[in-house]
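Only one structure is covered here, and it is reproduced in the block below.
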Amino acid sequence: MRPSEVAGIHYLAPDNMSPFSSNFEEHQLSIIDERKQRRMISNRESARRSRMRKQKHLDELWSQVVRLRTENHTLLDKLNHVSECHDRVLQENARLKGETSDLRQMLSDLQIGSPYSALRDLEEVTCNTAHLRAESANQSITTSTNLLH
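Take the sequence shown: its letter number 106 is residue 106 in full-length UniProt numbering, and every next letter is one higher.
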């Protein structure tokens, strides 16, 4: 055997294979075909791994989409609940302001028609309960009745 060089690769060629014989060319083609086969197999495996990575990434993205949609739905539900609570508080606030105004008017009416100066001191007391309105109405009726007798 003698060393030969083909395309930068050293190998031992059999003595009966000279670089100019057809067996030598067939052997070279065989080596080239073998390398192409290995490269093709390696490329296929690399492409398979790449497809698997891509699929895994796609699966992770879909998972994230589902999670974010769920979170978005939950946040929208919370926002709707807070908005409803806000609306109820505004309505309650408006109702209480109206009640306060009514109570102040009743107190003013009582002070004007009452001979008692102690009622004037009640103007500074803040209250917002409905039962006071009923009591004021009852007192007004009682006062009117007493004035008539």
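Just so you know, even glycine gets a beta-carbon here, dropped at the ideal spot from N, CA and C.
Put simply, the backbone Cα of residue 45 is about 34 Å away from that of residue 22.
Residue 81 and residue 100 have their C-alpha atoms roughly 28 Å apart. Sequence-distant Cβ neighbours of residue 104 in its own chain, meaning closer than 7 Å and more than five residues away, do not exist here. In this structure, the CA atom of residue 89 is about 10 Å from the CA atom of residue 96.
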